[in-house]
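Trainee: Provided herewith is a single structure, encoded as structure tokens, for subsequent inquiry.
There are 2 protein chains.
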Amino acid sequence: MSSKLIGKQTFALWNPPSFAGHACAVGKKEGDGPLRDSFDFITQDPFFGEKSWEKAESAFVKKAVSLALAKASLAPTDVNCVFCGDLLNQCTGTTFGMRELGIPMFGVYGACSTMAETLALAALTIDGGFTDKAMAVTSSHFCSAERQFRTPLEYGGQRPPSAQWTVTGSGAAILSIDGPGPYVKFVTPGKIVDNGTTDANHMGAAMATAAYDTIKTHLEDRGVGPDAYDLIVTGDLGAIGSRILCDFFAADGVDLAPRHADCGLLIFDRKKQDVHAGGSGCGCSASVLCGYLLNGMREGKWRNILFTATGALLSPTTTQQGESIPSIACAVAISCDK
Amino acid sequence: MSSKLIGKQTFALWNPPSFAGHACAVGKKEGDGPLRDSFDFITQDPFFGEKSWEKAESAFVKKAVSLALAKASLAPTDVNCVFCGDLLNQCTGTTFGMRELGIPMFGVYGACSTMAETLALAALTIDGGFTDKAMAVTSSHFCSAERQFRTPLEYGGQRPPSAQWTVTGSGAAILSIDGPGPYVKFVTPGKIVDNGTTDANHMGAAMATAAYDTIKTHLEDRGVGPDAYDLIVTGDLGAIGSRILCDFFAADGVDLAPRHADCGLLIFDRKKQDVHAGGSGCGCSASVLCGYLLNGMREGKWRNILFTATGALLSPTTTQQGESIPSIACAVAISCDK
Numbered sequence: 016m017s018s019k020l021i022g023k024q025t026f027a028l029w030n031p032p033s034f035a036g037h038a039c040a041v042g043k044k045e046g047d048g049p050l051r052d053s054f055d056f057i058t059q060d061p062f063f064g065e066k067s068w069e070k071a072e073s074a075f076v077k078k079a080v081s082l083a084l085a086k087a088s089l090a091p092t093d094v095n096c097v098f099c100g101d102l103l104n105q106c107t108g109t110t111f112g113m114r115e116l117g118i119p120m121f122g123v124y125g126a127c128s129t130m131a132e133t134l135a136l137a138a139l140t141i142d143g144g145f146t147d148k149a150m151a152v153t154s155s156h157f158c159s160a161e162r163q164f165r166t167p168l169e170y171g172g173q174r175p176p177s178a179q180w181t182v183t184g185s186g187a188a189i190l191s192i193d194g195p196g197p198y199v200k201f202v203t204p205g206k207i208v209d210n211g212t213t214d215a216n217h218m219g220a221a222m223a224t225a226a227y228d229t230i231k232t233h234l235e236d237r238g239v240g241p242d243a244y245d246l247i248v249t250g251d252l253g254a255i256g257s258r259i260l261c262d263f264f265a266a267d268g269v270d271l272a273p274r275h276a277d278c279g280l281l282i283f284d285r286k287k288q289d290v291h292a293g294g295s296g297c298g299c300s301a302s303v304l305c306g307y308l309l310n311g312m313r314e315g316k317w318r319n320i321l322f323t324a325t326g327a328l329l330s331p332t333t334t335q336q337g338e339s340i341p342s343i344a345c346a347v348a349i350s351c352d353k
Numbered sequence: 016m017s018s019k020l021i022g023k024q025t026f027a028l029w030n031p032p033s034f035a036g037h038a039c040a041v042g043k044k045e046g047d048g049p050l051r052d053s054f055d056f057i058t059q060d061p062f063f064g065e066k067s068w069e070k071a072e073s074a075f076v077k078k079a080v081s082l083a084l085a086k087a088s089l090a091p092t093d094v095n096c097v098f099c100g101d102l103l104n105q106c107t108g109t110t111f112g113m114r115e116l117g118i119p120m121f122g123v124y125g126a127c128s129t130m131a132e133t134l135a136l137a138a139l140t141i142d143g144g145f146t147d148k149a150m151a152v153t154s155s156h157f158c159s160a161e162r163q164f165r166t167p168l169e170y171g172g173q174r175p176p177s178a179q180w181t182v183t184g185s186g187a188a189i190l191s192i193d194g195p196g197p198y199v200k201f202v203t204p205g206k207i208v209d210n211g212t213t214d215a216n217h218m219g220a221a222m223a224t225a226a227y228d229t230i231k232t233h234l235e236d237r238g239v240g241p242d243a244y245d246l247i248v249t250g251d252l253g254a255i256g257s258r259i260l261c262d263f264f265a266a267d268g269v270d271l272a273p274r275h276a277d278c279g280l281l282i283f284d285r286k287k288q289d290v291h292a293g294g295s296g297c298g299c300s301a302s303v304l305c306g307y308l309l310n311g312m313r314e315g316k317w318r319n320i321l322f323t324a325t326g327a328l329l330s331p332t333t334t335q336q337g338e339s340i341p342s343i344a345c346a347v348a349i350s351c352d353k
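In structure tokens:
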């Protein structure tokens with residue numbers, strides 16, 4: 016058996032890659048939220064100077080990538096490959112955002128788990144000895160996501176309290192074979208989990224089971240408890256999904272709550288901002304990771320984080336055809352210690 | 016610099032993984048074509064017993080995967096991870112096809128380049144020491160693709176001669192850390208290339224530039240000519256794209272034509288079957304690779320193949336917004352020699 020595979024499905028990285036640069040660019044609502052000081056760039060214009068929301072989403076990608084490159088003092092040609100993807104049909108948010116850069120690309124689709132998936136693959140590619148520098152990028156945009164997945168904004172549809180607010184923003188992280196950290200130490204890809212949820216306005220409930228499965232497997236594979244991490248942070252379970260996740264662990268006799276945080280709950284102030292159950296979208300966990308979380312690790316706030324982004328693998332077509340919502344969660348363990 | 020990175024963007028695999036099992040399942044039209052004897056399974060029913068074309072596409076995935084597992088004498092739990100993706104919005108063709116299997120999954124989006132991309136990532140994961148067994152899977156379906164990308168079939172839209180026919184089928188390949196071959200020796204991920212083509216019924220022209228860029232880079236990175244391969248096979252350039260590709264090489268003084276083949280031209284008989292410029296879709300290169308090509312290598316027909324699948328990274332939305340068609344090509348060198 017491969018010696019880097021520990022337990023059932025966790026990969027241990029023997030030469031943990033270091034973050035060389037990371038940046039995020041977000042929209043107005045995110046800039047009005049509690050994490051405003053952690054974002055590298057905030058625009059007040061939802062169109063970001065473009066003519067459509069889809070083009071705006073690509074502009075967020077360009078901005079995040081160029082800022083991450085600048086912070087790492089790298090040119091695009093210094094990066095050997097990029098892993099990227101987003102929520103738009105055919106992942107055009109990131110494709111068109113990366114178009115001019117000329118970096119060899121692997122397109123990825125993991126719904127809202129994409130930031131963890133791209134980061135995982137970038138890390139594996141470096142630890143596997145294939146590249147020295149690899150990038151992970153993702154994005155989402157409230158307006159492009161609403162009209163694609165739900166109804167056009169002009170329709171003014173009502174949203175139930177369990178619905179979440181897609182974050183407008185992009186995050187980019189560059190990993191390098193050497194550097195001062197933080198480091199990617201472990202990767203646990205997720206299995207598809209389907210608990211039968213059919214309500215596309217109740218994603219947190221669908222994804223909580225996937226988060227539970229991946230986090231539980233990761234801890235078992237490593238033979239540790241939640242206290243191995245200062246923070247176990249999910250992508251966008253929101254208020255309801257987060258409670259379900261903690262309930263699942265409580266049923267196992269494990270108190271996850273004190274160490275658990277959710278990017279969807281961190282990014283907005285639900286008392287002051289009208290986002291229902293919290294933030295969501297690939298851009299949510301991406302901009303929280305590439306700002307607040309990695310900055311916090313550098314500042315000594317946390318030494319070990321388990322970044323677990325979750326994705327709901329549905330489409331409007333599968334929902335119309337009466338299908339339930341398969342979900343997945345990918346976990347990436349990030350540490351200040353090599 | 017990483018020693019497995021040769022030249023600009025080619026990864027050399029030091030412990031080339033072997034194909035352990037591969038299978039394909041296709042529809043009626045493919046079964047009527049010249050490669051009929053190479054397919055593991057042919058159904059006459061475009062619905063494959065399901066109630067929608069999307070569900071049928073997932074049924075093709077299930078069939079190809081179960082046949083590949085059976086040929087490799089493996090259970091799903093023996094496979095450490097799967098890389099999969101398809102053309103449907105949010106890649107639901109493969110997601111729903113893989114749902115019950117419980118294999119840790121990395122979702123991928125590379126349009127019609129997906130079979131090469133999934134195969135490349137599965138190979139890197141094994142050579143990188145993370146897994147012993149990894150699977151690559153993709154699919155497409157003529158009816159689900161037409162209604163999503165162009166017009167519903169009931170509309171009876173006319174198609175220009177440059178249009179291609181999306182293959183109905185799925186291919187699955189399982190790679191293993193050891194085995195009798197054929198082996199994956201090199202991987203060259205592609206850069207996004209955009210030559211300004213805007214006609215969504217002229218994909219071959221858009222993708223030919225990407226194929227040229229990746230194949231040329233691969234040969235330069237390895238320091239070899241086309242004669243290093245018995246066959247340089249593109250995914251689905253079709254008749255027009257294939258001619259453009261050979262023209263590009265001819266302008267460099269390189270005669271690619273005698274060694275070039277295209278899965279989109281191999282799978283149908285354009286004289287007898289009404290497919291315009293040839294076959295296309297992820298399922299095209301997947302079912303030709305997992306049947307005709309790998310069987311041919313086992314039979315001694317070819318010892319070295321450069322499998323280069325190409326993808327057009329557009330969406331109906333980007334086309335409606337007047338965007339051109341970015342393309343990408345991923346190359347995987349497969350050899351009978353370790």
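Note that the protein sequences, when read in sequence, are chains Z and U. Just so you know, we're using our numbering here: the first sequence kicks off at 16 and counts up by one. Just so you know, we're using our numbering here: the second sequence kicks off at 16 and counts up by one. The C-beta atom is built at its ideal place from N, Cα and C for all residues, glycine as well. Bear in mind the structure is a predicted one, so any value in this text is a computation, not a measurement.
Does Thr-334/Z come within less than 8 angstroms of chain U when only Cβ atoms are used?
Mentor: Taking the first sequence and counting its residues from 1, one reaches residue 334/Z at position 319. No, because no Cβ of chain U sits closer than 8 angstroms to the Cβ of Thr-334/Z.
Trainee: Going by other Cβ atoms of all chains shown within 10 Å of its Cβ, with 16 needed for buried, is Val-41/U buried or exposed?
Mentor: Counted from its first residue, the second sequence places residue 41/U at position 26. Val-41/U comes out buried.
Trainee: For His-156/Z, does the three-state DSSP call read helix, strand or coil?
Mentor: Reading the first sequence from its first residue, position 141 is the one you call residue 156/Z. Of the three classes helix, strand and coil, the one that applies to His-156/Z here is coil, per DSSP.
Trainee: Helix, strand or coil, according to DSSP, for Phe-145/Z in the structure here?
Mentor: As a first step, residue 145/Z is located in the first sequence; it is residue number 130 there, counting from the start. Residue state, collapsed to three classes: coil.
Trainee: Since Pro-32/Z meets chain U, which of its residues come closer than 9 angstroms, beta carbon to beta carbon?
Mentor: Against the first sequence, residue 32/Z aligns to sequence position 17. Residues of chain U passing the Cβ test: none, with the nearest at roughly 11 angstroms.
Trainee: Count the other C-beta atoms from every protein chain shown that fall within 10 angstroms of the C-beta of Asn-95/U, then say buried if there are 16 or more, exposed otherwise.
Mentor: One-based indexing of the second sequence puts residue 95/U at position 80. By the 10 Å Cβ count, Asn-95/U comes out buried.
Trainee: Could I get the ranges of all uninterrupted beta strand (DSSP E) runs contained in the region 61–103 of chain U, with 3 residues as the minimum, in chain order?
Mentor: 96–101
Trainee: For Ala-226/Z, I'd like the list of residues in its chain whose CB is within less than 7 angstroms of its CB, leaving aside the five on either flank, ordered along the chain.
Mentor: As a first step, residue 226/Z must be located in the first sequence, where it is residue number 211. Correct list, in chain order: Thr-249, Leu-252, Leu-260, Thr-323, Thr-325, Ala-344.
Trainee: Cutting at 7 angstroms between CB atoms, please list the residues of its own chain near Ala-221/Z, excluding the five before and the five after it.
Mentor: Stepping through the first sequence from its first residue, residue 221/Z is reached at position 206. Hits under 7 angstroms: Asn-210, Thr-212, Ala-327, Ile-340, Ser-342.
Trainee: Who are the Cβ neighbours of Phe-157/Z in its own chain at under 6 angstroms, not counting the five residues just before and after it?
Mentor: Residue numbering aside, residue 157/Z sits at position 142 when the first sequence is read from its first letter. So the list reads Thr-181, Thr-183, once near-sequence residues are dropped.
Trainee: Taking only beta-carbon atoms, is Glu-235/U less than 8 angstroms away from chain Z?
Mentor: Taking the second sequence and counting its residues from 1, one reaches residue 235/U at position 220. Closer than 8 angstroms: no.
Trainee: Between Met-218/U and Ala-137/Z, what straight-line distance do the alpha-carbon atoms span, to the nearest angstrom?
Mentor: In the second sequence, counting from the first residue as 1, residue 218/U sits at position 203. In the first sequence, counting from the first residue as 1, residue 137/Z sits at position 122. Taking the straight line joining both Cα atoms gives about 30 angstroms.
Trainee: By alpha-carbon positions, which one of Ala-243/Z, Ser-185/Z, Gln-173/Z, Lys-286/Z ends up nearest to Lys-200/Z?
Mentor: If you number the first sequence from 1, residue 200/Z lands on position 185. Answer by Cα proximity: Ala-243/Z.
Trainee: Quick one: which residues of the region 111–129 of chain Z get their C-beta closer than 9 angstroms to a C-beta of chain U? List them in chain order.
Mentor: Phe-111, Met-113, Arg-114, Glu-115, Leu-116, Gly-117, Ile-118, Pro-119, Met-120, Phe-121, Gly-122, Val-123, Tyr-124, Gly-125, Ala-126, Ser-128, Thr-129
Trainee: Cβ closer than 7 angstroms: which chain Z residues qualify as neighbours of Asp-209/U?
Mentor: Sequence index remark: in the second sequence, residue 209/U carries index 194 (1-based). Result: Arg-114.
Trainee: Using the Cα positions of Phe-54/Z and Lys-77/Z, report the straight-line distance between them to the nearest angstrom.
Mentor: Counting from one through the first sequence, the residue named residue 54/Z turns up at place 39. Counting from one through the first sequence, the residue named residue 77/Z turns up at place 62. Phe-54/Z and Lys-77/Z: Cα-Cα distance of roughly 15 angstroms.
Trainee: For Asn-319/Z, report the span of its beta strand (DSSP E) as first-last.
Mentor: To locate residue 319/Z, count along the first sequence from 1; it is residue 304. Segment 319–327, the beta strand (DSSP E) holding Asn-319/Z.
Trainee: To the nearest angstrom, report how far apart Arg-162/U and Ile-320/Z are at their CA atoms.
Mentor: Here residue 162/U refers to the residue found at position 147 when the second sequence is read from its first residue. Here residue 320/Z refers to the residue found at position 305 when the first sequence is read from its first residue. Answer to the nearest angstrom: the Cα atoms are 44 angstroms apart.
Trainee: Alpha carbon to alpha carbon, how far is Ile-255/U from Asp-228/U?
Mentor: The count along the second sequence starts at 1 and reaches residue 255/U at position 240. The count along the second sequence starts at 1 and reaches residue 228/U at position 213. Answer to the nearest angstrom: the Cα atoms are 17 angstroms apart.
Trainee: Quick one: residues in its chain with C-beta nearer than 8 angstroms to the C-beta of Tyr-124/U, no 5 flanking neighbours on either side, listed in chain order?
Mentor: As a first step, residue 124/U must be located in the second sequence, where it is residue number 109. Excluding positions up to five away in sequence, the list reads Gly-100, Cys-106.
Trainee: Using only alpha-carbon positions, find the residue among Leu-89/U, Gln-173/U, Glu-115/U that is nearest to His-291/U.
Mentor: Against the second sequence, residue 291/U aligns to sequence position 276. When C-alpha distances from His-291/U are compared across Leu-89/U, Gln-173/U, Glu-115/U, the shortest belongs to Gln-173/U.
Trainee: Give the straight-line distance between the Cα atoms of Ser-128/Z and Leu-103/Z, rounded to the nearest whole angstrom.
Mentor: Position 113 of the first sequence, counting from 1, holds the residue named residue 128/Z. Position 88 of the first sequence, counting from 1, holds the residue named residue 103/Z. Put simply, the backbone Cα of Ser-128/Z is about 14 angstroms away from that of Leu-103/Z.
Trainee: On the criterion of 16 or more Cβ atoms from any shown chain inside 10 Å, does Leu-168/U qualify as buried, or is it exposed?
Mentor: Taking the first residue of the second sequence as 1, we reach residue 168/U at position 153. With fewer than 16 other Cβ atoms within 10 Å, it is exposed.
Trainee: Report yes or no: is there a C-beta of chain Z within less than 8 angstroms of the C-beta of Glu-69/U?
Mentor: Taking the first residue of the second sequence as 1, we reach residue 69/U at position 54. Cβ-Cβ to chain Z under 8 angstroms: yes for Glu-69/U.
Trainee: Between Ala-126/U and Ala-301/U, what straight-line distance do the alpha-carbon atoms span, to the nearest angstrom?
Mentor: Within the second sequence, residue 126/U is the residue found at index 111, counting from 1. Within the second sequence, residue 301/U is the residue found at index 286, counting from 1. Distance between the alpha carbons of Ala-126/U and Ala-301/U: 12 angstroms.
Trainee: Grab the span of the alpha helix (DSSP H) containing Gly-337/Z for me, first residue to last.
Mentor: On the first sequence, residue 337/Z is found 322 positions in, with the first residue counted as 1. Unbroken run through Gly-337/Z: none, as it is neither H nor E.
Trainee: Give the DSSP-derived three-state secondary structure of Thr-140/U in the structure shown.
Mentor: Position 125 of the second sequence holds residue 140/U. Note: Thr-140/U maps to helix in three-state DSSP.
Trainee: Please identify, using Cβ separations under 9 angstroms, the residues of the region 140–157 of chain Z that lie next to chain U, in order along the chain.
Mentor: Thr-140, Ile-141, Asp-142, Gly-143, Gly-144, Phe-145, Thr-146, Asp-147
Trainee: Helix or strand or just coil, what does DSSP make of Gly-315/Z?
Mentor: What you label residue 315/Z is simply residue 300 of the first sequence in a count that begins at 1. Three-state DSSP puts Gly-315/Z in coil, outside helix and strand.
Trainee: Would you mind giving the Cβ-Cβ distance between Leu-134/Z and Ala-188/Z, rounded to the nearest angstrom? I have them listed as a contact below 8 angstroms.
Mentor: Residue 134/Z sits at position 119 when you count from the first residue of the first sequence. Residue 188/Z sits at position 173 when you count from the first residue of the first sequence. With 8 angstroms as the limit, Leu-134/Z and Ala-188/Z qualify as a contact, their Cβ atoms being about 6 angstroms apart.
Trainee: Ends of the alpha helix (DSSP H) at Val-290/Z?
Mentor: To locate residue 290/Z, count along the first sequence from 1; it is residue 275. No alpha helix (DSSP H) holds Val-290/Z; DSSP gives it neither H nor E.
Trainee: Looking at the secondary structure, which residues open and close the alpha helix (DSSP H) in which Gly-279/Z lies?
Mentor: Numbered from its first residue, the first sequence carries residue 279/Z at position 264. Counting along the chain, the alpha helix (DSSP H) containing Gly-279/Z begins and ends at 278–281.
Trainee: Shortest alpha-carbon distance to Ser-295/Z belongs to which of Gln-24/Z, Ser-154/Z, Gly-311/Z, Glu-314/Z?
Mentor: In the first sequence, the residue the question calls residue 295/Z occupies position 280. Checked all of Gln-24/Z, Ser-154/Z, Gly-311/Z, Glu-314/Z; the closest Cα to Ser-295/Z is Ser-154/Z.
Trainee: Express the C-alpha separation of Pro-175/Z and Asp-142/Z in angstroms, rounding to a whole number.
Mentor: For the purposes of this step, residue 142/Z is identified with residue 127 of the first sequence, where counting begins at 1. For the purposes of this step, residue 175/Z is identified with residue 160 of the first sequence, where counting begins at 1. Distance between the alpha carbons of Asp-142/Z and Pro-175/Z: 44 angstroms.
Trainee: Output needed for Leu-309/Z: all residues of its chain with C-beta closer than 7 angstroms, excluding positions within five of it in sequence on either side, in chain order.
Mentor: Numbered from 1 along the first sequence, position 294 holds the residue referred to as residue 309/Z. Cβ neighbours of Leu-309/Z beyond the five flanking positions: Phe-34, His-37, Pro-197.
Trainee: How many Å lie between Leu-116/Z and Asp-93/U at the Cα?
Mentor: Walking along the first sequence from the start, residue 116/Z turns up at place 101. Walking along the second sequence from the start, residue 93/U turns up at place 78. Taking the straight line joining both Cα atoms gives about 39 angstroms.
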